[in-house]
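Here is the structure we will look at, set down as C-alpha cells.
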Amino acid sequence: LPLFAASEPLSNHSASLRSLPSLSHSLSLSAQMMNMISTCNSRRNGTARTAALLFLLKLASPADAIWNFNFPDNIFDHIHEHISEEITEQINDITGNDKSGARQDPHLTFAHGGKADFRGCDGCLFNFLSARDLSVNVKTQAATFMLRGSEVHGSFLTEVHVAYWDRPKNVWMNTSYWAQEVGDQNWGWRMVNGTCDGRKYALGPHGHDQCYGSSVSTGLASAEFKLPEWELRIESRRVFGHIKGPEHRLDLAMKPTVRETDLSAWPHGIIGQSYDGDDSPISGKQDDYSTPIVHTEAMAEGAIEGTWADYQVNSPFETRFKYSRFDATMATSRPRAMAKATVVSEKMAGYATSSEVA
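Those letters in the sequence shown? Residues 46 to 403, per the numbering used here, in order.
In C-alpha cells, the structure reads:
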C-alpha cells in the first residue's frame, strides 16, 4: 500500500499526518492502536498496522484524506481477510466510529453506544429506521459460513430499501441497494437502483443521482444517502468463509444531521429508536460464538421496544408498522419506552404523553 511502510510506527510519520487536513487531532490515537495491534501474531502484524492506519485516516477525515489518495473502496474488504473481527471492532471503538448501524451477521450498534445482535428470519423484511417522511427497511437472509474456526449458521443483510417522501413537493424517492447485484469484484452496474418522482435510475460505481433536495452517491462498493435530517451509508462486503447462502452482504450505517431533539419526530425502528434523547446506551441480547457450531438466535431482545415481530414489514418500501414515525411529528410521537423518564418529561414538555401516542 503506497502510503507508509506497515512495519513502521505511526509516530515516524507525524509530520506527514499533520499535513493532511483535519487529521492532527487523530495522532493521539496512534499509541492506543499500536498497543492493540501488537496482540496480533507476527504473520498478520504488518497487515494489521496498515489496516489501523487506513482506518484511522478513513474515519478521521474520509473526504479530505482517503479519497485524495485514490484508494479503492474495497481495500478494506481485502484487509478484512487478514485481520480478525475483534481488531476491526477495536479500531472502530478507538477511532470513535459512533454511527449507529448493522454490520456482519448482523451486529447492531445503537446510538449512545448500545449493542445487540439480530438474526432476523430468512427472506424477511424489517424496519431499521422510521422517521418523519423516511423509512429504511432491510432484508435478512440465512447463511452458513466459517468464522475463526467455528461453523456459523446465521444471517446477513442482503437488501436495503430507502423510502423518502419530499412532502412539500409530493415527490417520492425510493432506492434499493441489492447484494445480489454485486459481482466477484465486489461491485455491480445495477447494485443501486430506484425512482425519483417516477423517473427510474440505476447506479454502478461512482454514480450520483439528485432528487430535488435529496441525493444518493456511489463509490466502488458503497452508497451514501444525503436526506433532510439523516445520512445513510451502505457498503457491500464479501462473505468470507462462505459455505451456503449469499456470497455478499451489506453493512448499514446511519446518523441524524441535526440534534435528536431537533428532529421532526422521535425516530423508531430497530435501530432508529435508540436516538431517544437520553444519551444512555441500552444493549440487548448477543450471540455466543465460542462453540465449534454456532446457531445465532439473538433478536435484539432487551434493546428494542416490543418484540422483533413488531418491526416486520410486508414490502421493500413499506412505511407503516406498529411503531412507524413516517407521518409523526414531535407533538404526536415520543421516545421509546425505555428512555429515561426524566428525559421524556423534560424533552416533551407541552407534547402529548406516552399514553396518548403510539
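Where is the CB? At the ideal position from N, CA and C, for every residue including glycine. Note that the structure is a prediction, hence the values are computed from the model and not measured.
Between Asn172 and Ser369, the gap from beta carbon to beta carbon is short of 9 Å.
The C-beta distance from Glu305 to Gly329 rounds to 20 Å, too long to meet the 8 Å contact threshold. One thing to note: Pro337 has its Cβ no nearer than 9 Å to the Cβ of Gly158. Its Cα nearest to that of Tyr257, the residue Lys214 stands out among Ser200, Lys214, Tyr320 and Arg379. Sorting Ile279, Glu363, Gly290 and Phe371 by C-alpha distance to the C-alpha of Ser309 places Phe371 at the top. By the 16-neighbour rule on beta-carbons within 10 angstroms, Ile316 is buried. Here the alpha carbon of Cys241 sits roughly 38 Å from the alpha carbon of Glu342. In this structure, DSSP gives Thr377 a state outside helix and strand, which the three-state scheme calls coil. Per DSSP, reduced to three states, the secondary structure at Trp311 is coil, with no helix or strand assignment.
Cβ atoms of Phe201 and Val284 come within 8 Å of each other, at about 7 Å. In terms of Cβ geometry, Leu170 and Gln357 form a close pair [threshold 9 Å]. Under DSSP, Met218 takes part in a beta bridge, and its partners are Tyr209 and Cys241. Along the length of the region 255-300, whole beta strand (DSSP E) runs at least 3 residues long occupy 259-263, 267-272, 275-283 and 287-289, reported in chain order. Excluding the 5 residues flanking it on each side, Glu292 has same chain C-beta neighbours closer than 8 Å at Arg283 and Val284, in chain order. When the five nearest sequence neighbours on each side are left out, the beta carbons in the same chain lying within less than 8 Å of the beta carbon of Phe155 are those of Ser145, Ala161, Ile316, Ser319, Pro326, Ile327, Ser328 and Ala348, in order along the chain.
The alpha-carbon of Phe362 is positioned some 11 Å away from that of Trp210. Inter-residue distance for Gly252 and Leu297 is about 19 Å (C-alpha atoms, whole angstroms). Classified as exposed, Thr302 has fewer than 16 neighbouring CB atoms from the shown chains inside 10 Å of its CB. Collapsing the DSSP output to three states places Glu226 in a helix. A Cβ-Cβ distance of about 15 Å is found for the pair Lys289 and Thr185, leaving them out of contact under the 8 Å criterion. The continuous stretches of beta strand (DSSP E) do not include Ala384, and DSSP gives it neither H nor E.
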